[in-house]
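Written below as structure tokens is the structure these notes are about.
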Amino acid sequence: MRYGLILISIFACVLSSGCSNNLLVSGSFPSPLIDSDPHTLGVFYDEEFRSYTYTEASEDRSKWTIEQGAAQRQLFNTILSKLFSGSVELPQWPLTEGSDLDPTVDLVLQPQVSAFQYSTPRETKFKIYEVWIKYNLSAFDREGQLVADWLVTAYGKTPTAFMKSDEDAMNAAIIVALRDLGANLSLGTLRVPELKAWLENNPAHAQIMASRAP
Amino acid sequence: MLTNMFTKNSPKHRRVLISILASALITLSACTSVNIDEYKSQQDLSITQDESVVILGRRHSSNYETEPDLISCIGDVLKEGDSIKVIPEALFVDDLYPWLEPRTAPLKVKDMPRILKQPLVQQAFERHKVRYIIWVDGKTETTDSSGSIGCSIGAGGAGCFGFGTWEKESDYVAKLWDFQRLENMGEISADASGTSYMPAIIVPIPIIARVQNSACKAVGLQLRNFLMPINDKILAI
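Chains as they are written, first to last, in our numbering: chain R, 1 to 214; chain S, 1 to 237.
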């Protein structure tokens, strides 16, 4: 009788966990092999970005809850600290009355997630997990005037593998997507026309200070 | 003496029988057939002891990915006997990030100068002493399956009955780029197929056709022969 109850409980646990997947995205990102721009960048991640969590709302799909705020912040910090000669994380943006902006900061960047989509092998019949993420990036000057506003997309996929859980496969696909985002940011950011023009026309604070030095 | 040691139903006797059965099950494998085609644009391929090779998988297709374990398997075949230095794929791709990502990697050898224009990329290639880049593209997939196995569990025990079979096919192309000449030096294509069986009489007994592994060994050995022709090996001995 006791064994029967244990078996029923195990079966119930398996059934109840079968349709919901919770994932805290984790991984590491290499530093990009690129030349740095001499400007110093201030980066502001709002609360929504820092703790970005995708929760599947559709009744027809598995109940995925994907927390990727920390991983995407880690990716942005890794790339931006190499793309610009200085990168500072800002506690607040836009500035409120009485708050000061770090004097070394030339430009402020604010990324936001504008879309997140995924597909699983059950839906596509291909043995791969796929993830698409769209980010909206906004760059401001020190006075808070918008310099550039552009979209960056990321795509990642990972094949299914024997003994690999759905969470592990989805995590791998998101890490590939974030690496793709990193590639896009590393090679594409300084080519955004409005941003490129602004960087060419506004010398970096560090350069100005160096030219003033005796 | 032996009969004394292994008297019927003795624990030792049972242990020996179980280990023989287990090793027989592990070593059971189905047949695989492999076809190899090769094209070599230059006959004078060679590699010196301080030069290295990097094997990279193509990941830009929308419905498959070249498996990382296949890439490391080919690498293991190439570096057998420490004859050829092989840089691990993940290490190299991370070191050159973001230039070898699916979005940015050169698809043709004539695209290489585009990334080598970057002094940092050029330095990384030189630091690793890369002589050849081998791009492997392809996949292993299950093309057909049939049969069924049913398992049941009850108060008296558990068991499975039935018979299952599935067919796998591998299709890979390896392209060899010479980093010094920036030329495609040759191509090897490997097609492998095999059928696996799983009869189940109480316990399922998998008889697996190791299709991907056979393709890996075939490509690896052919690449070794490309880079270290048999005559060179004899000279080295």
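Ideal Cβ placement from N, Cα and C applies to all residues, glycine included.
The structure displayed is predicted, hence computed values, not measured ones.
Residue-chain proximity (residue i, chain S), Cβ-Cβ < 8 Å
| i | result |
| --- | --- |
| R:SER17 | Confidence in R:SER17 is poor, its pLDDT being 49 and thus under 50, which makes the residue's placement unreliable; the coordinate value appears in the next sentence. It does not: the Cβ of R:SER17 has no partner Cβ on chain S nearer than 8 Å. |
| R:PRO38 | no |
| R:PHE76 | no |
8 Å Cβ cutoff, residue i in contact with chain R
| i | result |
| --- | --- |
| S:ILE209 | The question names Ile, but residue 209 of chain S is Ala in the sequence shown. Chain R contact via Cβ: absent. |
| S:ARG127 | no |
| S:VAL54 | no |
| S:ASP94 | yes |
| S:THR165 | no |
| S:THR104 | yes |
| S:ALA124 | yes |
Proximity to residue i [Cα-Cα], best of the options
| i | options | result |
| --- | --- | --- |
| S:THR142 | S:ARG59, S:GLY154 and S:TYR64 | S:TYR64 |
| R:GLN92 | R:ALA210, R:ASP168 and R:PHE44 | R:PHE44 |
| R:SER62 | R:ALA172, R:GLY182, R:SER119 and R:ALA183 | R:SER119 |
| S:ASP82 | S:ALA90, S:VAL53 and S:THR66 | S:VAL53 |
| S:LEU45 | S:GLU183, S:LEU107 and S:VAL93 | S:GLU183 |
| S:PRO204 | S:CYS160, S:LEU227 and S:GLN118 | S:CYS160 |
| R:GLU48 | R:ALA57, R:ALA70, R:ASP37 and R:PRO38 | R:ALA70 |
| S:MET198 | S:LYS117, S:THR165 and S:LYS12 | S:THR165 |
| S:GLY147 | S:THR104, S:ALA158 and S:GLY162 | S:GLY162 |
| R:LEU181 | R:GLN68, R:VAL88, R:THR53 and R:LYS134 | R:LYS134 |
| R:LEU195 | R:ASP102, R:PHE84 and R:ALA172 | R:PHE84 |
| R:GLN117 | R:THR104, R:GLY188, R:THR153 and R:SER51 | R:THR153 |
| R:SER114 | R:ARG179, R:GLY98, R:TRP132 and R:PRO103 | R:TRP132 |
| R:LYS127 | R:LEU137, R:PRO32, R:LYS164 and R:LEU41 | R:LYS164 |
| R:GLN74 | R:PRO30, R:THR40, R:ALA173 and R:ALA206 | R:PRO30 |
| R:LEU178 | R:ALA57, R:ASN77, R:SER20 and R:GLN145 | R:ASN77 |
| S:HIS128 | S:SER152, S:ILE115, S:VAL86 and S:LEU56 | S:VAL86 |
| S:LEU227 | S:ALA158, S:GLY157 and S:GLY186 | S:GLY186 |
| R:GLN145 | R:PRO94, R:GLU89 and R:LYS82 | R:PRO94 |
| S:GLY220 | S:GLN123, S:ILE207, S:ILE84 and S:ALA158 | S:ILE84 |
Exposure label - residue i; buried when at least 16 CB within 10 Å
| i | result |
| --- | --- |
| S:CYS31 | exposed |
| S:VAL16 | exposed |
| R:MET170 | buried |
| S:LYS217 | buried |
| S:ILE18 | exposed |
| S:TYR39 | exposed |
| R:GLU59 | exposed |
| S:LYS139 | buried |
| R:ASN201 | exposed |
| S:GLN49 | exposed |
| S:CYS73 | buried |
| S:ILE149 | exposed |
| S:ARG224 | buried |
| S:SER214 | buried |
| S:HIS13 | exposed |
| R:GLU97 | exposed |
| S:ILE153 | exposed |
| S:SER41 | exposed |
| R:ASN22 | exposed |
Where residue i meets chain R, residues with beta-carbon distance less than 9 Å
| i | result |
| --- | --- |
| S:PRO98 | PRO30, PRO32, LEU33, ILE34, ILE79, ARG179, ASP180, GLY182, ALA183, ASN184, LEU185, SER186 and LEU187 |
Rounded separation between residue i and residue j - CA only
| i | j | result |
| --- | --- | --- |
| R:VAL192 | R:ALA139 | 11 Å |
| S:ILE134 | S:TYR172 | 12 Å |
| S:ILE47 | S:VAL109 | 19 Å |
| S:PRO102 | R:GLU130 | 14 Å |
| S:ALA155 | S:ILE202 | 15 Å |
| S:PHE191 | S:ASP137 | Residue 191 of chain S is actually Asp in this sequence, not Phe. Approximately 12 Å, taken between the alpha carbons. |
| S:GLY75 | R:THR124 | 32 Å |
| S:MET5 | R:TRP64 | Per-residue confidence for S:MET5 stands at a pLDDT of 47, beneath the threshold of 50, marking its modelled position as unreliable; the derived number appears in the next sentence. The straight-line gap from Cα to Cα measures roughly 59 Å. |
| S:LYS168 | S:ASP144 | 7 Å |
| S:GLU126 | S:GLN180 | 10 Å |
| R:VAL108 | R:ARG142 | 7 Å |
| R:PRO111 | S:ASN35 | 51 Å |
| S:LEU96 | S:ILE71 | 18 Å |
Residue i Cβ short of 7 Å to the ligand NAD heavy atom set
| i | result |
| --- | --- |
| S:ARG181 | The ligand NAD is not part of the structure shown, which contains no ligands of any sort. |
Residue i: contacting residues in chain S (beta-carbon distance under 9 Å)
| i | result |
| --- | --- |
| R:PRO159 | TYR64, GLU65, GLU67 and LYS139 |
Partners in chain R for residue i, counting only beta-carbon separations shorter than 7 Å
| i | result |
| --- | --- |
| S:GLU101 | ARG179, ASP180 and ALA183 |
Contact set between residue i and chain S, taken where Cβ atoms lie within less than 7 Å
| i | result |
| --- | --- |
| R:PHE126 | ASN63 |
Cross-chain neighbours of residue i in chain R, by beta carbon under 8 Å
| i | result |
| --- | --- |
| S:LEU120 | LEU33, ILE34 and ASP35 |
Residue-chain proximity (residue i, chain A), Cβ-Cβ < 8 Å
| i | result |
| --- | --- |
| R:LEU24 | This model lacks chain A altogether, as its protein chains are R and S. |
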